[in-house]
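Accompanying notes for the structure given below.
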Amino acid sequence: MAYQKQVLTIAGFDPSGGAGIAADMKTFSAHGVFGLSVATAIAIQNTQTLTRVFDLPVSIIEEQIDLLFSDFDIAAVKTGMLFSQQIVESVVSRLIQQGAKNIVVDPVMVSKSGAALLAPDAVLSLKENLLPICHLVTPNCLEAERMMGRKVETLTDAKFAAEAIFGFGPKAVLIKGGHLLTDSGTDLLFDGTDFTIIPGEYIATRHTHGTGCTYASAIAARLALGDALMDAVFSAKRYMTEAIRNALEVGHGIGPVDPLWNLPPFGKEGSHPSRGQRALRGVHPSP
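Position 98 (the sequence shown) corresponds to 98 in the working numbering; numbering is contiguous.
Below is the structure:
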(Lines of atoms letter the chains of each structure in order from A; the text may use other names.)
(Lines give C-alpha, C1' and ligand atoms only; values in the text may rest on other atoms or scores of the structure.)
Protein backbone atom coordinates (compact mmCIF):
# COMPACT_ATOMS: atom_id res chain seq x y z
CA MET A 1 0.00 0.00 0.00
CA ALA A 2 1.46 3.36 -1.04
CA TYR A 3 0.51 6.20 1.28
CA GLN A 4 0.38 9.41 -0.75
CA LYS A 5 -1.17 11.69 1.89
CA GLN A 6 -0.17 12.42 5.48
CA VAL A 7 -2.67 13.41 8.19
CA LEU A 8 -1.89 14.61 11.70
CA THR A 9 -3.89 14.02 14.85
CA ILE A 10 -3.31 16.22 17.89
CA ALA A 11 -5.10 14.45 20.70
CA GLY A 12 -4.94 12.52 23.93
CA PHE A 13 -3.62 9.01 24.48
CA ASP A 14 -6.13 6.38 25.59
CA PRO A 15 -4.29 3.28 26.93
CA SER A 16 -7.39 1.14 26.36
CA GLY A 17 -6.95 1.71 22.62
CA GLY A 18 -10.53 2.71 21.87
CA ALA A 19 -10.31 6.47 21.50
CA GLY A 20 -7.88 9.33 21.07
CA ILE A 21 -4.67 8.82 19.12
CA ALA A 22 -5.14 5.04 18.96
CA ALA A 23 -8.54 5.33 17.24
CA ASP A 24 -7.31 8.13 14.97
CA MET A 25 -4.31 6.18 13.70
CA LYS A 26 -6.42 3.09 12.97
CA THR A 27 -8.90 5.26 11.07
CA PHE A 28 -6.15 6.89 9.01
CA SER A 29 -4.78 3.46 8.05
CA ALA A 30 -8.25 2.25 7.09
CA HIS A 31 -8.51 5.20 4.68
CA GLY A 32 -5.11 4.70 3.10
CA VAL A 33 -3.45 7.83 4.51
CA PHE A 34 -0.30 7.91 6.62
CA GLY A 35 -1.04 8.94 10.19
CA LEU A 36 1.07 11.24 12.33
CA SER A 37 0.32 11.96 15.99
CA VAL A 38 1.01 14.56 18.63
CA ALA A 39 0.09 13.59 22.19
CA THR A 40 -1.45 16.33 24.34
CA ALA A 41 -2.33 14.31 27.44
CA ILE A 42 -2.61 10.81 28.82
CA ALA A 43 -6.04 9.67 29.98
CA ILE A 44 -5.68 7.02 32.65
CA GLN A 45 -8.65 4.87 31.69
CA ASN A 46 -10.09 1.55 30.62
CA THR A 47 -13.53 0.63 29.25
CA GLN A 48 -15.12 1.17 32.67
CA THR A 49 -13.64 4.33 34.11
CA LEU A 50 -11.27 7.26 33.72
CA THR A 51 -9.37 8.04 36.90
CA ARG A 52 -7.37 11.10 35.86
CA VAL A 53 -5.76 12.98 33.00
CA PHE A 54 -2.09 13.91 32.88
CA ASP A 55 -1.51 16.79 30.46
CA LEU A 56 1.88 17.09 28.83
CA PRO A 57 3.98 20.26 29.13
CA VAL A 58 3.11 22.80 26.44
CA SER A 59 6.72 22.94 25.30
CA ILE A 60 6.67 19.20 24.57
CA ILE A 61 3.45 19.55 22.53
CA GLU A 62 4.87 22.47 20.56
CA GLU A 63 8.09 20.61 19.83
CA GLN A 64 6.17 17.62 18.49
CA ILE A 65 4.09 19.79 16.16
CA ASP A 66 7.03 21.80 14.85
CA LEU A 67 9.17 18.72 14.22
CA LEU A 68 6.45 16.95 12.27
CA PHE A 69 5.60 19.96 10.10
CA SER A 70 9.30 20.42 9.33
CA ASP A 71 9.48 16.91 7.86
CA PHE A 72 6.06 15.98 6.45
CA ASP A 73 3.65 17.44 3.91
CA ILE A 74 0.59 17.39 6.16
CA ALA A 75 -2.63 17.46 4.13
CA ALA A 76 -5.08 17.64 7.04
CA VAL A 77 -5.13 17.98 10.82
CA LYS A 78 -7.59 16.53 13.30
CA THR A 79 -7.67 17.81 16.88
CA GLY A 80 -9.17 15.84 19.76
CA MET A 81 -8.70 16.20 23.50
CA LEU A 82 -6.75 19.39 24.20
CA PHE A 83 -7.69 19.49 27.91
CA SER A 84 -6.46 22.95 29.02
CA GLN A 85 -6.60 26.57 27.91
CA GLN A 86 -2.82 26.63 27.64
CA ILE A 87 -2.78 23.63 25.32
CA VAL A 88 -5.57 25.04 23.14
CA GLU A 89 -3.78 28.36 22.71
CA SER A 90 -0.44 26.68 22.07
CA VAL A 91 -1.88 24.34 19.43
CA VAL A 92 -3.66 27.22 17.70
CA SER A 93 -0.48 29.29 17.61
CA ARG A 94 1.53 26.45 16.11
CA LEU A 95 -1.11 25.53 13.52
CA ILE A 96 -1.31 29.14 12.34
CA GLN A 97 2.46 29.43 12.23
CA GLN A 98 2.76 26.20 10.22
CA GLY A 99 -0.02 27.13 7.79
CA ALA A 100 -2.04 24.02 8.62
CA LYS A 101 -4.92 23.21 6.28
CA ASN A 102 -8.08 21.11 6.46
CA ILE A 103 -8.32 21.37 10.26
CA VAL A 104 -11.12 19.20 11.69
CA VAL A 105 -11.93 19.89 15.34
CA ASP A 106 -13.52 17.22 17.52
CA PRO A 107 -14.32 19.32 20.63
CA VAL A 108 -13.75 16.51 23.13
CA MET A 109 -15.24 17.64 26.44
CA VAL A 110 -16.47 14.65 28.45
CA SER A 111 -15.48 10.98 28.47
CA LYS A 112 -17.97 8.12 28.08
CA SER A 113 -17.62 7.58 31.85
CA GLY A 114 -18.54 11.22 32.53
CA ALA A 115 -15.08 12.63 33.34
CA ALA A 116 -14.30 16.18 32.21
CA LEU A 117 -11.76 16.30 29.37
CA LEU A 118 -11.80 20.05 28.69
CA ALA A 119 -11.47 22.67 31.42
CA PRO A 120 -14.12 25.46 31.52
CA ASP A 121 -11.64 28.16 30.48
CA ALA A 122 -10.46 25.88 27.66
CA VAL A 123 -14.01 25.73 26.26
CA LEU A 124 -13.97 29.50 25.86
CA SER A 125 -10.50 29.41 24.32
CA LEU A 126 -11.57 26.70 21.89
CA LYS A 127 -14.50 28.83 20.73
CA GLU A 128 -12.53 32.05 20.48
CA ASN A 129 -9.22 30.75 19.11
CA LEU A 130 -9.46 27.29 17.53
CA LEU A 131 -12.84 27.42 15.79
CA PRO A 132 -11.97 30.49 13.68
CA ILE A 133 -9.11 28.61 12.01
CA CYS A 134 -10.84 25.26 11.45
CA HIS A 135 -12.43 23.80 8.35
CA LEU A 136 -15.03 21.86 10.33
CA VAL A 137 -16.05 21.38 13.97
CA THR A 138 -17.92 18.18 14.92
CA PRO A 139 -19.71 18.51 18.29
CA ASN A 140 -22.20 15.94 19.48
CA CYS A 141 -25.41 17.23 21.03
CA LEU A 142 -23.97 17.39 24.54
CA GLU A 143 -20.88 19.28 23.37
CA ALA A 144 -23.05 21.66 21.33
CA GLU A 145 -25.12 22.34 24.45
CA ARG A 146 -22.00 23.20 26.42
CA MET A 147 -20.70 25.46 23.67
CA MET A 148 -23.89 27.47 23.29
CA GLY A 149 -25.74 27.01 26.61
CA ARG A 150 -28.96 25.59 25.24
CA LYS A 151 -30.45 22.09 25.07
CA VAL A 152 -30.11 20.17 21.78
CA GLU A 153 -32.76 17.45 21.61
CA THR A 154 -34.31 17.77 18.13
CA LEU A 155 -33.19 18.61 14.60
CA THR A 156 -34.68 22.08 15.07
CA ASP A 157 -32.45 22.51 18.14
CA ALA A 158 -29.51 21.22 16.12
CA LYS A 159 -30.08 23.85 13.44
CA PHE A 160 -30.11 26.60 16.06
CA ALA A 161 -26.94 25.19 17.59
CA ALA A 162 -25.20 24.91 14.24
CA GLU A 163 -25.93 28.55 13.44
CA ALA A 164 -24.75 29.68 16.87
CA ILE A 165 -21.51 27.68 16.69
CA PHE A 166 -20.91 28.84 13.12
CA GLY A 167 -20.87 32.33 14.56
CA PHE A 168 -17.60 31.48 16.35
CA GLY A 169 -15.85 31.31 12.99
CA PRO A 170 -15.48 27.77 11.61
CA LYS A 171 -16.06 27.22 7.90
CA ALA A 172 -18.67 24.57 8.70
CA VAL A 173 -20.37 22.81 11.62
CA LEU A 174 -21.44 19.17 11.89
CA ILE A 175 -23.85 18.45 14.74
CA LYS A 176 -23.73 14.71 15.46
CA GLY A 177 -27.16 13.36 16.30
CA GLY A 178 -26.43 10.23 18.27
CA HIS A 179 -27.97 11.85 21.37
CA LEU A 180 -31.05 13.36 19.71
CA LEU A 181 -34.33 12.37 21.35
CA THR A 182 -35.84 12.30 17.86
CA ASP A 183 -34.06 11.38 14.62
CA SER A 184 -31.36 9.51 16.52
CA GLY A 185 -28.35 8.79 14.33
CA THR A 186 -29.08 11.69 11.98
CA ASP A 187 -26.42 14.39 11.68
CA LEU A 188 -26.69 17.98 10.48
CA LEU A 189 -24.09 19.84 8.39
CA PHE A 190 -24.19 23.65 8.14
CA ASP A 191 -21.82 25.61 5.91
CA GLY A 192 -23.10 29.08 6.77
CA THR A 193 -25.67 29.03 3.99
CA ASP A 194 -27.25 25.61 3.67
CA PHE A 195 -28.30 22.88 6.09
CA THR A 196 -27.70 19.33 4.90
CA ILE A 197 -29.27 16.36 6.64
CA ILE A 198 -26.86 13.42 6.94
CA PRO A 199 -29.22 10.48 7.42
CA GLY A 200 -28.03 7.60 9.50
CA GLU A 201 -29.02 4.29 10.97
CA TYR A 202 -29.32 4.19 14.73
CA ILE A 203 -27.60 1.06 16.01
CA ALA A 204 -28.63 0.01 19.50
CA THR A 205 -25.36 -0.83 21.25
CA ARG A 206 -23.54 0.42 24.32
CA HIS A 207 -20.19 -0.21 22.68
CA THR A 208 -19.58 3.25 21.25
CA HIS A 209 -16.21 4.23 22.72
CA GLY A 210 -14.25 6.30 20.21
CA THR A 211 -17.12 7.28 17.91
CA GLY A 212 -16.29 10.99 17.91
CA CYS A 213 -12.56 10.42 17.36
CA THR A 214 -13.13 7.95 14.55
CA TYR A 215 -15.74 10.08 12.75
CA ALA A 216 -13.64 13.26 12.80
CA SER A 217 -10.52 11.38 11.73
CA ALA A 218 -12.37 9.77 8.82
CA ILE A 219 -13.50 13.21 7.65
CA ALA A 220 -9.95 14.57 7.93
CA ALA A 221 -8.63 11.62 5.93
CA ARG A 222 -11.17 12.14 3.16
CA LEU A 223 -10.36 15.87 3.00
CA ALA A 224 -6.67 15.00 2.72
CA LEU A 225 -7.51 12.69 -0.18
CA GLY A 226 -9.18 15.59 -2.00
CA ASP A 227 -12.87 15.17 -1.22
CA ALA A 228 -15.12 18.19 -1.02
CA LEU A 229 -16.45 18.72 2.49
CA MET A 230 -19.92 17.30 1.88
CA ASP A 231 -18.53 14.22 0.14
CA ALA A 232 -16.05 13.73 3.00
CA VAL A 233 -18.83 13.88 5.61
CA PHE A 234 -21.14 11.48 3.76
CA SER A 235 -18.32 9.02 3.21
CA ALA A 236 -17.21 9.23 6.85
CA LYS A 237 -20.80 8.75 8.02
CA ARG A 238 -21.16 5.52 6.08
CA TYR A 239 -17.79 4.31 7.37
CA MET A 240 -18.68 5.29 10.94
CA THR A 241 -21.99 3.44 10.82
CA GLU A 242 -20.19 0.21 9.95
CA ALA A 243 -17.56 0.84 12.64
CA ILE A 244 -20.38 1.01 15.19
CA ARG A 245 -22.14 -2.03 13.70
CA ASN A 246 -18.89 -3.96 14.13
CA ALA A 247 -18.16 -2.61 17.61
CA LEU A 248 -15.90 -4.78 19.75
CA GLU A 249 -17.08 -6.36 22.99
CA VAL A 250 -13.73 -6.18 24.74
CA GLY A 251 -13.23 -5.17 28.33
CA HIS A 252 -16.02 -5.11 30.90
CA GLY A 253 -17.45 -1.67 30.22
CA ILE A 254 -18.18 0.38 27.09
CA GLY A 255 -16.34 -1.33 24.26
CA PRO A 256 -14.84 0.50 21.28
CA VAL A 257 -16.13 0.83 17.74
CA ASP A 258 -13.94 -0.91 15.17
CA PRO A 259 -12.14 1.56 12.86
CA LEU A 260 -10.60 -1.39 11.00
CA TRP A 261 -13.88 -3.13 10.18
CA ASN A 262 -13.10 -2.87 6.45
CA LEU A 263 -9.71 -4.61 6.65
CA PRO A 264 -9.29 -8.40 6.73
CA PRO A 265 -6.99 -9.82 9.41
CA PHE A 266 -3.52 -10.31 7.99
CA GLY A 267 -2.81 -13.92 7.12
CA LYS A 268 -6.44 -14.94 6.65
CA GLU A 269 -7.02 -17.01 3.54
CA GLY A 270 -7.77 -14.75 0.60
CA SER A 271 -6.70 -11.57 2.38
CA HIS A 272 -4.73 -9.01 0.43
CA PRO A 273 -3.35 -5.61 1.49
CA SER A 274 -5.53 -3.76 -1.00
CA ARG A 275 -8.74 -5.67 -0.36
CA GLY A 276 -9.88 -3.49 2.51
CA GLN A 277 -9.12 -0.33 0.56
CA ARG A 278 -11.28 -1.52 -2.32
CA ALA A 279 -14.08 -2.12 0.17
CA LEU A 280 -13.61 1.32 1.68
CA ARG A 281 -13.75 3.07 -1.67
CA GLY A 282 -17.20 1.58 -2.04
CA VAL A 283 -18.22 3.44 1.12
CA HIS A 284 -18.08 6.81 -0.57
CA PRO A 285 -21.58 7.83 -1.68
CA SER A 286 -22.67 11.00 -3.32
CA PRO A 287 -24.80 13.18 -1.02
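Just so you know, even glycine gets a beta-carbon here, dropped at the ideal spot from N, CA and C.
Quick caveat: nothing in here was measured; it's all calculated off a predicted structure.
Between the C-alpha atoms of Val-53 and Pro-132 there is a straight-line separation of about 27 Å. Judged by DSSP secondary structure, Arg-52 falls outside any alpha helix (DSSP H) and instead within the beta strand (DSSP E) spanning 50-55. Comparing C-alpha distances from Phe-168 to each of Leu-68, Leu-126 and Met-230 shows the shortest one belongs to Leu-126.
Take the alpha-carbon of Gly-35 and the one of Val-77: they are about 10 Å apart. Remark: three or more beta-carbon pairs, one from each stretch, lie closer than 8 Å, so the segment 67-87 and the segment 96-114 are flagged as touching. Assignment of Asn-140 by DSSP, reduced to helix, strand and coil, places it in the strand class. Only residues of its own chain outside the window of five on either side were considered, and among them Thr-27, His-31, Ala-236, Tyr-239 and Met-240 have a CB closer than 7 Å to the CB of Ala-218, listed in chain order.
For the options Ile-175, Asp-194, Ala-216 and Gly-185, the alpha carbon positioned closest to that of Val-152 is the one of Ile-175. For Ser-37, the enclosing beta strand (DSSP E) has its first and last residue at 34-45. In the three-state reduction of the DSSP assignment, Val-108 falls in the coil class, being assigned neither a helical nor a strand state. The residues Asp-183, in chain order, have a CB closer than 6 Å to that of Leu-155 in the same chain once the five nearest residues on each side in sequence are set aside. In this structure, Val-110 sits near Leu-142, with a CB-CB distance shorter than 9 Å. For Ile-203 against Thr-186, the beta-carbon gap comes to about 13 Å, at or over 8 Å, which does not count as contact.
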